[in-house]
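A quick write-up on the structure given underneath.
There are 2 protein chains.
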Amino acid sequence: MFCWLSRLCRGLSTPTRRTTQLIWSSASRSLVLSSQRRIPELSSFVARTNTCGELRSSHLGQEVTLCGWIQFRRQNIFLVLRDFHGLVQVVIPQDESAASVKKILCEAPMESVVQVSGTVISRPPGQKNPKTEALRLQYRYLDLRSVQMQYNLRLRSQMVMKMREYLCNLHGFVDVETPTLFKRTPGGAKEFVIPSREPGKFYSLPQSPQQFKQLLMVGGLDRYFQVARCYRDEGSRPDRQPEFTQIDIEMSFVDQTGVQSLIEGLLQYSWPSDKDPVVVPFPSMPFAEALASYGTDKPDTRFGMKIVDISDMFRNTEIGFLQDALSKPQGTVKAICIRKGAKYFKRKDIESIRKFAADHFNEEVLPIFLKTNETWNSPVAKFIMEEQGLGLVKLLETQEEDVVLLTAGEHKKACSLMGKLRLECADLLEARGVVLRDPALFSFLWVVDFPLFLPKEENPQELESAHHPFTAPHPNDIHLLYTEPHKVRSQHYDLVLNGNEIGGGSIRIHNSEIQHYILATVLKEDVKLLSHLLQALDYGAPPHGGIALGLDRLMCLVTGAPSIRDVIAFPKSFRGHDLMSNAPDFIPPEELKPYHIQVSWPTDAETGKSSSNHPCLSES
Amino acid sequence: MFCWLSRLCRGLSTPTRRTTQLIWSSASRSLVLSSQRRIPELSSFVARTNTCGELRSSHLGQEVTLCGWIQFRRQNIFLVLRDFHGLVQVVIPQDESAASVKKILCEAPMESVVQVSGTVISRPPGQKNPKTEALRLQYRYLDLRSVQMQYNLRLRSQMVMKMREYLCNLHGFVDVETPTLFKRTPGGAKEFVIPSREPGKFYSLPQSPQQFKQLLMVGGLDRYFQVARCYRDEGSRPDRQPEFTQIDIEMSFVDQTGVQSLIEGLLQYSWPSDKDPVVVPFPSMPFAEALASYGTDKPDTRFGMKIVDISDMFRNTEIGFLQDALSKPQGTVKAICIRKGAKYFKRKDIESIRKFAADHFNEEVLPIFLKTNETWNSPVAKFIMEEQGLGLVKLLETQEEDVVLLTAGEHKKACSLMGKLRLECADLLEARGVVLRDPALFSFLWVVDFPLFLPKEENPQELESAHHPFTAPHPNDIHLLYTEPHKVRSQHYDLVLNGNEIGGGSIRIHNSEIQHYILATVLKEDVKLLSHLLQALDYGAPPHGGIALGLDRLMCLVTGAPSIRDVIAFPKSFRGHDLMSNAPDFIPPEELKPYHIQVSWPTDAETGKSSSNHPCLSES
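So the sequence lines, in the order shown, correspond to chains A and B. Each residue of the first sequence is one higher than the last, beginning at 1 in this note's numbering. Each residue of the second sequence is one higher than the last, beginning at 621 in this note's numbering.
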């Protein structure tokens, strides 16, 4: 159970045990494919058919038996049953024939253990959201009483307190609060807006205190930190919160090494004493290597299975899609070796993997079984020449029962695909009982030397900032800024923990001319919107840099929680709702008047729904 | 100079040295009357005619001479001159005849001391706000370099850190972050709204985490604290900020004494070591006594000059307005005695005081000079009978050269007026050199036993909460709740420091039936809006209570800053503007589309201005 929880927490971007539809709709790292397999059989050998946390719309109409504790009871009409896995609402039968059942359920003291059997139905009308998690969020004050939530929130408080001691008391940082009613930043499409009492004028909730912390350095604060509330309006995205918290840090007269040492010390100092101590310094890896070997900018370095470039080996191949790929100037062939893959993988696993590659990357993946007795062999095995086979064995150090997955295409795309398959295969192996990643291991990694600019997706001729426009160019590449800006590396650094980005920062530009050049000439931004910052850099800005750690994600990894919602006292649902108070909610038009705004109600055609969608029309 | 600053800081609600218009337009505690007098003559005996912080629109066209340090210089066109009092912008002459002046000003290193003479002009076009403070806010990053701002922000950081140590490390409080994207509370007219991506639905920025902290107690967190960002949209109000910070605390299984002891310990522990230590316990005063003796719920107890009820003494008076007042059922006569008033006050001081009473309270104030050689005597002295005079001397302990101020009217109103005059007179005496309040003294006071409900101003037949609807009734008065609710005292307590409210809290209602009765029957609120809280109280809520300390105001008093803007890194102007970044600002209509809102531009008639008021129309 504990093991299972710690494994689930790796699939953070979708808390899969609560997913209602198991479809191949997401290219995200946590594939639903594997999550189906990742969940162990929790109801084998026992009286129950399901766990309390497991039921969803696909179970409607099924007869199930559940066991658990009575969490609470309401008006003798329903009770909530809890087990280690979650909560479920049980409707107490009200008809005469079930009087004895009703008596037991209504008289049992809270926390009694019961076994119930019945048919899974939709939630009664008026309780729209049929998800178990919705119930947890609606009755959050009860959920907070659980041992796990108490542990998570108390550990969070303690760890942040230790961080403050380290920064404030040991290293002289100044805790400065910065405004959250701010001005929309250029391109700030993800910033919530707040109407002011001046017609047409809006504040904006900032995504980070970036500008303020740089201004504090210009203001001579020297070392700033803040446990900062930040805001991002991304609509409905799983396991994201519209408001989140970051440990926000900025220092003057510092370089990249200095910031990294500070953070290593910070995590070491604040790390919970019941975990293995943090070992410093953290290893560092250039972005190019992370992409080439792990197919991502946030490698999970707890296990190997690295991507290997085998292009040279297949220059003379007869396999069509490899030929095609290598005939193009950017063509490469990439491989990963799955130890004991032939032993643990089933044919349909391989089929799923190939389908994923086809659906999401439009790429073929070729499985090769080397030195194996398996009869279901690679479809193109006969086309692999003996020397290629031997080469693979040598380069990938292949052993008995290993499987090699092979793909071809442009370097970045092929690496990205292999990186995703690498994680998929790791999940699959663990679901089959292989211990690949030690649940007690916290593997930190700095990823460095990112490109300063990237081609815009919609228009690759133009450049955009890889991170943000205040990032300083790498000192070795500064001469390229005016000639080949796309080749300039940055002084940005990401902190990665077990394959999750938990922080990012950079040395900033402190020279107003370089900042102006990048904004105006390279990025073609309207510099007027940032004139205050440019002006500030003109008045003697110290060299400075900083970082922000995502506190919610960090706590999620530290506690092994399945979702960031489990380390936040009152999280929003994935649609951004507060299910307890029912926020956001309608506001009478007269209360909007002081803000000089009115609602633009969508027409029926726009919503594709009936007009009863909003209260004004439904009342008519 | 230091003394002067510490005196200024008492007039917190309008930072008077920056007020442009000296008019009797406000009934607030810091009367402009006294602030005119409160500012000492800072330019006597020296070469300058004015200080840098002093110039305002009333000086336009005057020839002035200023002395100070060059704070910064921009494009050799202007420089900013700084002295202890503030900043002023100096336009560097560009014409040939002044070449030598230009040379000196442009070549002088920063921080050079210069003396400049010139004519006061409005700020050049494009820099709309001609106020000196606006310049400080616009170039905040430079202002932050000042010794005073560095001291204020660093002290704030250290003091908050000590508070955290006391709460977290010494007393087991859990630091829990609560949401700021919440639902509008009933009657939450001062809450900023945030449109969501769902048509017509809005979040709201909460004025405090009140509901959340109570829910945390229901959730078994036991002891919660947070340095919480709060929001209040009050439009333009001097020395208020739309976002502010409070030390927010809640405890389970606690009574009023427990919370008070916690806070006394907290302030004692975190108090700056360069100040006199905080003496605990703090004295306590019932609200009724505070009103009767000081005319306010936040008495400045650093000095006496208490209000005395002298109604009985004047039952047989021939003085008309006293007769009138006493003939009414609620009529009273109140007095304060100003020691040495006859020595320090001028005739026009007394005239100003009487005018203030007439303008703002529609009341007469009668000055009486007892045992004095002053020739300008009380206008009604002849009507004061000898025994009344002797009675006053006895009751007020009047001495040679004292002045007694006397008014009549309904108890609360008369006390309120006398309370304001008491503070006015204190300011006047200090402006005349009397040391009435020790600048090093921090005088804490608990004010307790507030009424639970107050008659609504617009409809005195109905009741509203004196503080908020979750405040528990006083245990001795609970029987009155169902019969005479207006007589019920509450378990609310305010913490007052030197005449400023710096905190407030209460024991809360933890019984859902009482909470429901108060909301529905007494306050006639829509209970549906708080159904989640009522429901939570139903599921086993511990007795609980808490408090919130206003951190900005507290730091302002601790540092002796003239305005809360001086203890906030990036404050808004009194109109709620960020003068550095120019927030709030216009947003293109297409960026409002995802939020389903549009701007309701006021018509010319509504604004009383030309239509060039907003960019859409001015472009047409």
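Cβ atoms here follow ideal geometry from the backbone N, Cα and C, with glycine treated the same way. These numbers come from a predicted model, not from an experiment.
Verify the contact flag: residue i, CB atom, against every heavy atom of the ligand NAD, threshold strictly below 7 angstroms.
{"i": "B/S1063", "result": "Absence of the ligand NAD is noted for the structure shown, with no ligands found whatsoever."}
Residue i by DSSP, collapsed to three states: which one?
{"i": "B/P750", "result": "Model confidence at B/P750 stands at a pLDDT of 45, short of 50, so the residue's coordinates are unreliable and nothing is read from them."}
{"i": "B/V1142", "result": "helix"}
{"i": "A/M251", "result": "strand"}
{"i": "B/V666", "result": "coil"}
{"i": "A/C67", "result": "strand"}
{"i": "A/D359", "result": "helix"}
{"i": "A/I564", "result": "helix"}
{"i": "A/H467", "result": "coil"}
{"i": "B/D1248", "result": "The structure shown does not extend to residue 1248 of chain B, since chain B spans only 621 to 1240, so no value can be given for it."}
{"i": "A/M257", "result": "Note on residue identity: the sequence assigns Thr, not Met, to residue 257 of chain A. Three-state result, A/T257: helix."}
{"i": "A/R240", "result": "coil"}
{"i": "B/P1093", "result": "strand"}
{"i": "B/A1046", "result": "helix"}
{"i": "A/F369", "result": "strand"}
{"i": "A/G295", "result": "coil"}
{"i": "A/R123", "result": "coil"}
{"i": "B/H1197", "result": "coil"}
{"i": "A/G391", "result": "helix"}
Quick one: which chain B residues come within Cβ less than 8 angstroms of residue i?
{"i": "A/S581", "result": "F802, K803, Q831, H1152"}
{"i": "A/F72", "result": "Y1159"}
{"i": "A/P242", "result": "L801"}
{"i": "A/R229", "result": "E797, T800, R849"}
So which residues on chain A does residue i lean against when the C-beta distance must stay under 8 angstroms?
{"i": "B/L836", "result": "Y141, L144, A569"}
{"i": "B/L773", "result": "V174, V176, L221"}
{"i": "B/N789", "result": "M161"}
Identify the residues that DSSP records as bridge partners of residue i: which are they?
{"i": "A/Q246", "result": "A/A228, A/G550"}
{"i": "B/Y823", "result": "B/I814"}
{"i": "A/K626", "result": "No information on residue 626 of chain A is available, as it lies outside the stretch 1 to 620 that chain A covers here."}
{"i": "A/F182", "result": "A/S204"}
{"i": "A/G503", "result": "A/L495, A/L549"}
{"i": "A/A342", "result": "According to DSSP, which records beta bridges pairwise, A/A342 is partnered with nothing at all."}
Taking just the CA atoms, how far does residue j sit from residue i?
{"i": "B/A1203", "j": "A/P195", "result": "11 angstroms"}
{"i": "A/G86", "j": "A/E133", "result": "8 angstroms"}
{"i": "B/F934", "j": "B/Q1008", "result": "7 angstroms"}
{"i": "B/S717", "j": "B/K723", "result": "12 angstroms"}
{"i": "B/C850", "j": "B/Q831", "result": "13 angstroms"}
{"i": "B/E938", "j": "B/V928", "result": "20 angstroms"}
{"i": "B/P799", "j": "B/D969", "result": "51 angstroms"}
{"i": "A/P542", "j": "B/Y786", "result": "35 angstroms"}
{"i": "B/P1222", "j": "B/F812", "result": "20 angstroms"}
{"i": "B/S1220", "j": "A/P199", "result": "7 angstroms"}
So which residues on chain B does residue i lean against when the C-beta distance must stay under 9 angstroms?
{"i": "A/H596", "result": "V1219, S1220, W1221, P1222"}
{"i": "A/T245", "result": "E797"}
{"i": "A/F287", "result": "Simply none; closest approach about 32 angstroms."}
Report the neighbours of residue i on chain A: residues whose CB is nearer than 7 angstroms to its CB, in chain order.
{"i": "B/K821", "result": "P584, D585, F586"}
{"i": "B/A1156", "result": "Y141"}
Taking C-beta pairs closer than 9 angstroms, name the residues in chain A that residue i reaches, listed in chain order.
{"i": "B/F1196", "result": "First, the amino acid is wrong: residue 1196 of chain B is Gly here, not Phe. Under the 9 angstroms cutoff, chain A gives L181, S196, R197, E198, Y203."}
{"i": "B/Q709", "result": "Ordered by position in chain A, no residue passes the 9 angstroms Cβ test against B/Q709, which lies about 15 angstroms from the chain."}
{"i": "B/V893", "result": "For the sequence presented, residue 893 of chain B should be read as Ser rather than Val. Simply none; closest approach about 15 angstroms."}
Please confirm whether residue i has its beta-carbon closer than 8 angstroms to some beta-carbon of chain E.
{"i": "A/R82", "result": "Absent here is chain E; the protein component of the structure consists of chains A and B."}
Counting only Cβ pairs nearer than 7 angstroms, list the residues of chain B close to residue i.
{"i": "A/R164", "result": "M781, R784"}
Fill in: chain B contacts made by the stretch 417–449 of chain A, where a contact means CB separation under 8 angstroms
none
Practice prompt. Taking only beta carbons into account, state which residues of the stretch 1068–1097 of chain B come closer than 7 angstroms to chain A, listed in chain order.
Written response: none
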